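Under the working numbering, think of the first position of the sequence shown as 10, with each following residue one higher.
C-beta: ideal position from N, C-alpha, C; glycine also.
Bear in mind that the values here come from a model prediction, so they are computed numbers and not experimental data.
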Amino acid sequence: MNPYRQRTWAEVSLDALSHNLAAIREHLPPKTKVMAVVKADGYGHGDGMTARTLAEAGVDYFAVSNLEEALSLREAGIDTNILILGYTAPQAAPRLATHRITQAVFSHTYALELADCCKEAGVVVDIHLKLDTGMGRIGFSMGSEEQLRQICALPEFRVTGIFSHLSSADGDTPEDAAYTKLQCLRFADTVAALEREGFSFPLKHLQNSAGLAFLPDLGYDYARAGIVLYGAAPGEAALPFPLEPVLSLRTTVSMVKEVPAGTAVSYGRHFVTHRPMRLATVPIGYADGYPRRLSHGGWMLVGGRPAPIVGSICMDQLMLDVTGIPGVEVGDTVTVIGRDGAEEITVNQLAATADTIGYEILCMISKRVPRIYSRAGVEFAVKLPSGQVKLF
Ligand SMILES: *Cc1c(COP(=O)(O)O)cnc(C)c1O
Numbered sequence: 010m011n012p013y014r015q016r017t018w019a020e021v022s023l024d025a026l027s028h029n030l031a032a033i034r035e036h037l038p039p040k041t042k043v044m045a046v047v048k049a050d051g052y053g054h055g056d057g058m059t060a061r062t063l064a065e066a067g068v069d070y071f072a073v074s075n076l077e078e079a080l081s082l083r084e085a086g087i088d089t090n091i092l093i094l095g096y097t098a099p100q101a102a103p104r105l106a107t108h109r110i111t112q113a114v115f116s117h118t119y120a121l122e123l124a125d126c127c128k129e130a131g132v133v134v135d136i137h138l139k140l141d142t143g144m145g146r147i148g149f150s151m152g153s154e155e156q157l158r159q160i161c162a163l164p165e166f167r168v169t170g171i172f173s174h175l176s177s178a179d180g181d182t183p184e185d186a187a188y189t190k191l192q193c194l195r196f197a198d199t200v201a202a203l204e205r206e207g208f209s210f211p212l213k214h215l216q217n218s219a220g221l222a223f224l225p226d227l228g229y230d231y232a233r234a235g236i237v238l239y240g241a242a243p244g245e246a247a248l249p250f251p252l253e254p255v256l257s258l259r260t261t262v263s264m265v266k267e268v269p270a271g272t273a274v275s276y277g278r279h280f281v282t283h284r285p286m287r288l289a290t291v292p293i294g295y296a297d298g299y300p301r302r303l304s305h306g307g308w309m310l311v312g313g314r315p316a317p318i319v320g321s322i323c324m325d326q327l328m329l330d331v332t333g334i335p336g337v338e339v340g341d342t343v344t345v346i347g348r349d350g351a352e353e354i355t356v357n358q359l360a361a362t363a364d365t366i367g368y369e370i371l372c373m374i375s376k377r378v379p380r381i382y383s384r385a386g387v388e389f390a391v392k393l394p395s396g397q398v399k400l401f
């Protein structure tokens, strides 16, 4: 038996990842390539394995949130383009240059600081200009053409792209649609104005998962695909292409007990049995990234059947009501996220129950949970809590 399938583990299907990439590519026009967003350790799936799989399938641009994540990809053997979407300390300019990492430049102040550090180190850094067309997070605000011109002229930078980020493309109201349209127009107008003056931006990108799903035909060079690669929808709206969930999360029954009515379960005695019950304890808790919020309304699959969580979720363990499920034994596998027989628990179902979004459920799965990778249906590697990847 695989020794990493003994307590709590995640199964990552690289086949599903490849399937999703193909589905996204098919949905996009041929001129728009996929920039794979693998920040936050590949949305919790493991960055190296995810990125290598995508690179083998021809993805030639990756996006991450910070320098450490970019360097982690380099260590994993990714030698294509990498864009850092967020802040990097300007003092890290030499490392950006050495490792050929592209940095988002999102304000005048940041640009000048980064340029100073480049000058001091005698390096030139590749940058993508980031416009704030309405996300309100980072980016040059509308009407910053003068600053953009100045930055484009700095010899410390090679401006290889320009981009912006949509805030509401997964929304389903007319207001959301109008806002997304406004953002698209602002981006197109600003880029066109600069291009008319002779500036050129080899790469332009605007869409995220929701943007590429619902507005595939904007005609830009890349679409930044994040959550859809991992097989989850960015919001509640159904997607126009089929996805397969990449990650399943499983745990194991550690104890089964029959208890009489009136038995208090877990911290605070918030749950007391109102009848004789059979309870199963499983070794997964909030330290594994399973939200404590799910103490109310959470459930798992045991023997292909839903078993509600009872009592407060602990750091490392929780209890399930398996009264109606015959034959539950110590050592049985329990499905936390994923499919068991005819039943499935999706990331977005859990997110809705925990009053959050699928993104958070995925990237909260903690380091303690080994990720077991399969390709062509065969498990071949594991990412351990230490970060080390072991091949079987
Ligand atoms: C995280 C992120 C993405 C990917 O978002 P998804 O909704 O997962 O596709 C794209 N662009 C930027 C700037 C991001 O921060």
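Thr344 (DSSP reduced to helix, strand or coil)
strand
What does the alpha-carbon distance come out to for the pair Gly55 and Val291?
24 Å
Considering only DSSP beta bridges, list what Arg167 is partnered with.
Partner(s): Asp135.
The beta strand (DSSP E) spanning Ile318 covers which residue range?
Arg314 to Val319
Closer than 6 Å by C-beta to Tyr188: which residues in its own chain qualify, once you throw out the five before and the five after it? Chain order, please.
Hits under 6 Å: Ser177.
Sorry if obvious, but does the Cβ on Ala246 come closer than 7 Å to a heavy atom of ligand 1?
no
For the beta strand (DSSP E) containing Phe71, name the first residue and the last one.
Taken as a continuous stretch (DSSP letters only), the beta strand (DSSP E) holding Phe71 covers Tyr70 to Val73.
Report all residues from its chain with a CB closer than 8 Å to the CB of Glu154; omit the five preceding and five following residues, and keep chain order.
Closer than 8 Å at the Cβ level, and outside the excluded window around Glu154, lie Thr199, Ala202 and Leu203.
Excluding five sequence neighbours on each side, which residues of the same chain lie with their C-beta closer than 7 Å to the C-beta of Gly294?
Ile322, Cys323, Met324, Asp325, Gln326 and Leu327
Hey, how far is the Cα of Thr455 from the Cα of Gln192?
The chain is shown only over 10 to 401; residue 455 falls outside these bounds and no answer can be derived.
Tell me whether His174 counts as near ligand 1, meaning its Cβ is closer than 7 Å to at least one heavy atom of that ligand.
yes
With burial defined as no fewer than 16 other Cβ atoms inside 10 Å of the residue's Cβ, what is the status of Gln216: buried or exposed?
Residue environment analysis places Gln216 among the buried positions, since at least 16 neighbouring C-beta atoms fall within 10 angstroms of its C-beta.
Rounding to the nearest angstrom, what Cα-Cα distance links Leu92 and Gly53 in this structure?
For Leu92 and Gly53, the gap between their C-alpha atoms comes out near 19 Å.
With DSSP as the reference, label Glu338 as helix, strand or coil.
coil
Can you tell me the Cα-Cα spacing of Ala246 and Glu165, whole angstroms?
Here the alpha carbon of Ala246 sits roughly 43 Å from the alpha carbon of Glu165.
Which runs of the beta strand (DSSP E) at least 3 residues long sit entirely within the region 251–300? Give them in chain order.
Listed in chain order, the complete beta strand (DSSP E) runs (minimum 3 residues) inside the region 251–300 are 256–261, 264–268 and 286–291.
Restricting to runs no shorter than 3 residues, where is the beta strand (DSSP E) found entirely within the region 31–96?
Within the region 31–96, the complete beta strand (DSSP E) segments of 3 residues or longer fall at 42–46, 70–73 and 90–93, listed in chain order.
What do you reckon, are the CB atoms on Lys399 and Arg380 nearer than 8 Å?
no
Can you name the residues that DSSP bridges to Gln112?
Ile93 and Ile136
Going by the DSSP bridge assignment, what does Phe149 pair with across the sheet?
Leu140
Closer than 6 Å by C-beta to Val331: which residues in its own chain qualify, once you throw out the five before and the five after it? Chain order, please.
Arg287, Ala289, Val311, Ala316 and Val337
For Ala232 versus Met44, is the C-beta distance shorter than 8 Å?
yes
Exposed or buried, which one is Ala222 when buried takes at least 16 other CB atoms within 10 Å?
By the neighbour-count criterion, in which a residue is buried when 16 or more other Cβ atoms sit within 10 angstroms of its Cβ, Ala222 is buried.
Who are the near neighbours of Tyr96 in its chain, counting only those whose CB is closer than 6 Å to its CB and skipping five residues on each side?
none
Could you tell me if the beta carbon of Gly53 falls within a distance shorter than 7 Å of some heavy atom in ligand 3?
What this structure holds is ligand 1, not ligand 3.
Scan the region 151–234 and note each continuous beta strand (DSSP E) run of 3 residues or more that stays entirely inside, going in chain order.
166–173, 212–214 and 231–234
With Asp330 as the anchor, note down where its beta strand (DSSP E) starts and where it stops.
Leu327 to Asp330
Val378 in three-state terms, based on DSSP
coil
Could you tell me whether the region 365–375 touches the region 296–307, where touching means 3 or more Cβ pairs closer than 8 Å?
yes
Starting from the C-beta of Ile147, find all residues in its chain whose C-beta is less than 8 Å away, skip the five residues before and the five after it, and write them out in chain order.
Gly95, Tyr96, Ala113, Phe115, Ser116, Lys139 and Asp141
Taking DSSP as the reference, what is the three-state secondary structure of Met309?
strand
What are the boundary residues of the beta strand (DSSP E) that includes Ala19?
Trp18 to Ser22
Give the single residue among Trp308, Met151 and Leu256 whose Cα lies nearest to the Cα of Arg384.
Taking the Cα of Arg384 as reference, the smallest distance to any Cα among Trp308, Met151 and Leu256 is reached at Leu256.
Nearest to Asp341 (by Cα), restricted to the options Tyr368, Thr261, Gly271 and Gln156
Thr261
Below 8 Å CB to CB, which residues in the same chain sit around Met309 once its five sequence neighbours on both sides are set aside?
Thr260, Val291, Pro315, Ala316, Ile318, Leu329, Val343, Thr344, Val345 and Ile354
What does DSSP give as the partner residues of Val391 in its beta bridges?
Ile381 and Lys399
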